[in-house]
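**Q** Would you mind keeping the following structure in view while I ask a few things?
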Amino acid sequence: MRERLDLLRLFRYAGPAVSIALTVMVLIDAVVPAGIAIAVQELVAADGRSALAPVLLMSGVVLAGQLALAFRLPVGRLAADRIDGAHRTRIAALVMGVPTVDVAERQDVQDRVKTTTAEPRDWVDRTSGDGAVSQLELAGHAVGMASSAAVLAWWSWWLVPATVIPAVCFRMMHGRQWVRHFRIWVEGVLYHRRWKYWGEIATTPAAGRELRVFGAGEWLLGHYTRDMRTHVDPVWEDDRLVLRRLWLALLLPLAGCTAAFTWVALGTAAGQGSVALEVAVVTAAWSVFSVAIRTDDVISLEGARPVRRAAGELERINPEPIPLRAHAETGGADPRADRFGEPPASPPPLLRFEDVRFGYPGRQALNGVDLEIRPGESLALVGLNGAGKSTLTKLLAGLYRPDSGRILADGTDIADIPDWQSRLSVVFQDFLKYPLSLRDNITLGAADPELLSDVVRDAGLVPVVSRLSGGYDTPLSRSRTAGVDLSGGQWQQVALARALYATRRGARILVLDEPTAHLDVRTEHDLFQRLPDLTEGISVVLISHRLSTVRQADRIVLLDGGRITESGTHEELMAEGGQYAAMYALQARRFSQGYDDRLDEGDLA
Ligand SMILES: Nc1ncnc2c1ncn2[C@@H]1O[C@H](COP(=O)(O)OP(=O)(O)OP(=O)(O)O)[C@@H](O)[C@H]1O
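Numbering follows the numbering used here, in which position 590 of the sequence shown is assigned residue number 574; successive positions increment by one, without gaps.
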């Protein structure tokens, strides 16, 4: 019952007008059978002269019923969509509300997010909105049954239990069958996800290329059918069982109706009551029966249950969603809102890592890092793959918390600085490519036109913008009308422009994780020449495998196995003759021989 009430409470997201309109339509639809029963009785009872009122009553009931029927579906859909929109916004806000990413990376959290935001593609899947609308319809069924029962009581009170009790028993039996059926489906949902996955990659162009070249089509279809049968065979088996038992269950309300019909017919034959009343009673008994066999609300409740449960669990994991400047009614947020406040005039802070240790599940990444980054300093992090460079910057960005040790900004632990992340700007290795306009990709919100053109120039994007037919408004996605895709290097310039834009709006620390990995040598060289000017007054942490690009950094730090093993200027480290010097010399030699100058572990063995 609590679940049903919870679902009904979701109507606050549908808006009052839509909720009221839907309730009225559901109620009209519910009382139409009883109305028809009364109108029929009046019609049959009327003689030729006095038939006008019953005909008008009948027409009114039928018209009202048809209108309610016609509008109920679209209005119900609108209500469900609004509820679902608010529900999914809430889930996104909850997940985004955790400042670190370790929670969002957890498999159990990912599973819950998937469950609670799934699109209903299968007959058992239902959204929160579907569940809420079905609860209103259930209330309508109850009103319908009660109004028809009132007509039956008009003839004889005992007709009510005779028809309603078998009908309710049937509902319970049939409902229980659906619940069992649903659980069988859910038990195999892992296989369901797998065969959906195989189906998706079978039809995806990128995967299709590889599958064709390797001749792996039959292998894939084998997995597809095996996982599908593992999931659906028990479901189909239960389908057959439901159908066999349906006949038995149907006997209950049929028996109730038959007894009522017979009793009324015998009574009329014996001169008790009129034919008109008999017709009304028969119509009402039919209505009780037809309401009883509608068990779609059971399916909707069961279908929405995992969605609601997963949402509840996510609420418990993080009860603090990010605050949204939301349109409360629909749960929407404004994508044009300015996410920056007034740019702070303060200089970058003194950053200090104190014996920082951090591990991913099953893998230690940082093993006691002590590091200081002075305000305005440019610091390069170098090291082989897996040394812990990106992890260090993710800890600095507050995306993970150290397992032990502290990261301080001007003496305060960054975990205690509420708006810490707004002070940083980052180009991640795996930066995002939003299927939005160039402008939105850079500003991620309200755009300051002057700053926008500045960072476009600084990121070297002017030639790209001049070729875009829609300029800044061109969607950067082929799937959008008049959309285009950019090359890997151009996308990287967009990510750089995004990071520079944030620094112009107040971020005082810029983290660049391989920001030029996709750029051609000339563009990269050009960018690094200008980088000191572009980042004046900002602390920069730069990760790069191409050591020629880091030599001008104020300081270079070499990470090895999650520890800092060397630190100094390029000249100092070269003079030291350690691992950095060896890596640099090897890269320089390879570059002069025309090879890629990146190194991996084997090169230094
Ligand atoms: N999300 C994660 N879950 C589990 N392990 C991870 C995760 N991210 C990184 N690691 C592991 O932590 C270690 C450090 O990774 P990190 O990405 O910090 O290295 P890196 O020095 O930046 O490497 P690269 O130069 O290849 O980018 C690696 O062994 C990596 O496999």
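Ideal placement from N, C-alpha and C gives every residue a C-beta, glycine not left out.
Grab the span of the alpha helix (DSSP H) containing Gly352 for me, first residue to last.
**A** Taking the first residue of the sequence shown as 1, we reach residue 352 at position 368. Element bounds for Gly352: not the alpha helix (DSSP H) but the beta strand (DSSP E), Arg347 to Ile357.
**Q** State yes or no: is the C-beta of Glu550 nearer than 7 Å to some heavy atom of ligand 1?
**A** Taking the first residue of the sequence shown as position 1, residue 550 is located at position 566. The answer is no for Glu550.
**Q** Which residues in the same chain as Ala30 place their Cβ atom closer than 7 Å to its Cβ, once the five residues preceding and following it in sequence are excluded?
**A** Here residue 30 refers to the residue found at position 46 of the sequence shown. Result list for Ala30: Pro38, in chain order.
**Q** For ligand 1, is there any heavy atom lying closer than 7 Å to the beta carbon of Ser374?
**A** Reading the sequence shown from its first residue, position 390 is the one you call residue 374. Yes - ligand 1 has a heavy atom lying nearer than 7 Å to the Cβ of Ser374.
**Q** For Asp339, count neighbouring Cβ atoms within 10 angstroms of its own Cβ and tell me buried if that reaches 16, exposed if not.
**A** Numbered from its first residue, the sequence shown carries residue 339 at position 355. Exposed is the call here.
**Q** Would you mind stating whether Leu371 and Pro333 have Cβ atoms separated by less than 8 Å?
**A** Along the sequence shown, read from residue 1 onward, the residue named residue 371 stands at position 387. Along the sequence shown, read from residue 1 onward, the residue named residue 333 stands at position 349. It is worth fixing the name first, because residue 371 is Ala in this sequence and not Leu. Going by C-beta atoms, Ala371 is not nearer than 8 Å to Pro333.
**Q** Which same chain residues end up closer than 6 Å to Ala137 when comparing Cβ atoms and leaving out the 5 residues on each side of it in sequence?
**A** To locate residue 137, count along the sequence shown from 1; it is residue 153. Cβ neighbours of Ala137 beyond the five flanking positions: Val144.
**Q** State yes or no: is the C-beta of Asn351 nearer than 7 Å to some heavy atom of ligand 1?
**A** As a working note, residue 351 is residue 367 in the sequence shown. Not under cutoff, so the answer is no.
**Q** Between Ala133 and Val148, is the Cβ-Cβ spacing less than 8 Å?
**A** Residue mapping note: residue 133 aligns to position 149 of the sequence shown, counting from 1. Residue mapping note: residue 148 aligns to position 164 of the sequence shown, counting from 1. Yes, the pair counts as a contact, with Cβ atoms nearer than the cut-off.
**Q** With C-beta atoms as the reference, is Leu383 less than 8 Å away from Val85?
**A** As a working note, residue 383 is residue 399 in the sequence shown. As a working note, residue 85 is residue 101 in the sequence shown. Yes, the pair counts as a contact, with Cβ atoms nearer than the cut-off.
**Q** Report yes or no: do three or more beta-carbon pairs, one from the segment 175 to 185 and one from the segment 269 to 276, lie closer than 8 Å?
**A** No contact exists between the segment 175 to 185 and the segment 269 to 276.
**Q** To which residues of the same chain is Ala35 closer than 8 Å at the C-beta, ignoring the five residues directly before and after it?
**A** Residue 35 sits at position 51 when you count from the first residue of the sequence shown. Hits under 8 Å: Leu27.
**Q** For Val82 and Glu121, I'd like the C-alpha separation in whole angstroms.
**A** Mapped onto the sequence shown, residue 82 falls at position 98. Mapped onto the sequence shown, residue 121 falls at position 137. So the two alpha carbons sit approximately 37 Å from each other.
**Q** Taking C-alpha atoms, which residue in Leu261, Ile12, Leu232 and Leu420 lies nearest to Gln50?
**A** Counted from its first residue, the sequence shown places residue 50 at position 66. Among Leu261, Ile12, Leu232 and Leu420, the Cα nearest to that of Gln50 belongs to Ile12.
**Q** Evaluate contact between the segment 511 to 531 and the segment 456 to 463, counting only Cβ atoms and requiring at least three cross-stretch pairs below 8 Å.
**A** Touching, no.
**Q** Any contact of the segment 394 to 414 with the segment 462 to 475, i.e. 3+ C-beta pairs under 8 Å?
**A** Taking 8 Å as the limit for Cβ pairs, the verdict is that the segment 462 to 475 does not touch the segment 394 to 414.
**Q** Examine ligand 1 and report whether any of its heavy atoms sits within less than 7 Å of the Cβ of Ala371.
**A** Taking the first residue of the sequence shown as position 1, residue 371 is located at position 387. Yes, since a heavy atom of ligand 1 falls inside the 7 Å radius drawn around the Cβ of Ala371.
**Q** Residues in its own chain within less than 7 Å of His311 by CB, not counting five upstream and five downstream?
**A** Start at 1 with the first residue of the sequence shown, and residue 311 comes out as number 327. At His311, the pLDDT of 41 sits below 50, so the modelled position is not reliable; the number obtained from the coordinates is stated separately. Cβ neighbours of His311 beyond the five flanking positions: none.
**Q** Can you find a heavy atom of ligand 1 that lies under 7 Å from the Cβ of Tyr344?
**A** Looking up residue 344 in the sequence shown gives position 360. Within the cutoff, so yes.
**Q** Could you say if the segment 537 to 552 and the segment 499 to 513 meet the contact criterion of at least three C-beta pairs nearer than 8 Å?
**A** Cβ pair count under 8 Å is below three, so no.
**Q** Could you please give me the residues that DSSP links to Glu550 through a beta bridge?
**A** Position 566 of the sequence shown, counting from 1, holds the residue named residue 550. Bridge partners of Glu550: Leu542.
**Q** Classify Trp500 as buried or exposed, calling it buried when 16 or more other Cβ atoms lie within 10 Å of its own Cβ.
**A** Here residue 500 is taken as the residue at index 516 of the sequence shown, counted from 1. According to the sequence provided, residue 500 is Thr. The question's Trp does not apply to it. So Thr500 counts as buried.
**Q** So is the beta-carbon of Gly614 under 7 Å away from any non-hydrogen atom of ligand 1?
**A** Here the chain covers residues -15 to 589 and nothing more, so residue 614 does not appear.
**Q** Starting from the Cα of Gly113, find the closest Cα among Arg530, Val173 and Ala(-2) and give me that residue.
**A** Along the sequence shown, read from residue 1 onward, the residue named residue 113 stands at position 129. Of the candidates Arg530, Val173 and Ala(-2), the one whose C-alpha sits nearest the C-alpha of Gly113 is Ala(-2).
**Q** In chain order, what residues of the same chain have a beta carbon less than 7 Å from the beta carbon of Val446, not counting five sequence neighbours either side?
**A** By 1-based counting over the sequence shown, the position of residue 446 is 462. Cβ within range, chain order: Val440.
**Q** Under a Cβ-count criterion, where at least 16 other Cβ atoms within 10 Å of its own Cβ denotes burial, should Gly287 be classed as buried or exposed?
**A** Your numbering for residue 287 matches position 303 in the sequence shown. So Gly287 counts as buried.
**Q** Beta carbon of Gly382: closer than 7 Å to some heavy atom of ligand 1?
**A** The sequence position of residue 382 within the sequence shown is 398, counting from 1. Checking the Cβ of Gly382 against ligand 1 gives no.
**Q** With distances taken between CB atoms, is the gap from Gln563 to Thr553 smaller than 8 Å?
**A** Walking along the sequence shown from the start, residue 563 turns up at place 579. Walking along the sequence shown from the start, residue 553 turns up at place 569. Against a cut-off of 8 Å, the Cβ pair of Thr553 and Gln563 comes out as no contact.
**Q** For Trp247 and Ile67, what's the separation of their Cα atoms in angstroms?
**A** In the sequence shown, residue 247 corresponds to position 263, counting from 1. In the sequence shown, residue 67 corresponds to position 83, counting from 1. Whole-angstrom Cα-Cα distance: 47 Å.
**Q** Tyr208 lies in the alpha helix (DSSP H); which residues open and close that run?
**A** To locate residue 208, count along the sequence shown from 1; it is residue 224. Residues Gly201 to Ala253.
**Q** Report the rounded CA-to-CA distance for Ala443 versus Ser409, giving the unit in angstroms.
**A** Position 459 of the sequence shown, counted from the first residue, corresponds to residue 443. Position 425 of the sequence shown, counted from the first residue, corresponds to residue 409. Distance between the alpha carbons of Ala443 and Ser409: 15 Å.
**Q** Could you tell me whether the Cβ atoms of Leu363 and Asp538 are closer together than 8 Å?
**A** The residue given as residue 363 occupies position 379 in the sequence shown. The residue given as residue 538 occupies position 554 in the sequence shown. Result yes, Cβ atoms of Leu363 and Asp538 sit closer than 8 Å.
**Q** To the nearest angstrom, how far is the alpha carbon of Leu48 from that of Pro218?
**A** Position 64 of the sequence shown, counting from 1, holds the residue named residue 48. Position 234 of the sequence shown, counting from 1, holds the residue named residue 218. The sequence as given places Ala at residue 48; Leu does not occur at that position. Approximately 44 Å between the Cα atoms of the pair.
**Q** Could you check if Arg(-7) is buried or exposed, using at least 16 other CB atoms within 10 Å of its CB as the buried criterion?
**A** Stepping through the sequence shown from its first residue, residue -7 is reached at position 9. By the neighbour-count rule (16 or more Cβ atoms within 10 Å), Arg(-7) is not buried but exposed.
**Q** How would you label Arg309, buried or exposed, when you count the other beta carbons within 10 angstroms and need 16 or more for buried?
**A** One-based indexing of the sequence shown puts residue 309 at position 325. Low confidence applies here, because Arg309 scores a pLDDT of 49, under 50, leaving its location unreliable; read the following figure in that light. Exposed, because fewer than 16 other Cβ atoms sit within 10 Å of the Cβ of Arg309.
**Q** Please identify the residue among Met156, Ala14, Leu365 and Ala239 whose C-alpha is closest to the C-alpha of Leu496.
**A** Within the sequence shown, numbered from 1, the residue matching residue 496 stands at position 512. If we check each option's Cα against that of Leu496, Leu365 comes out closest.
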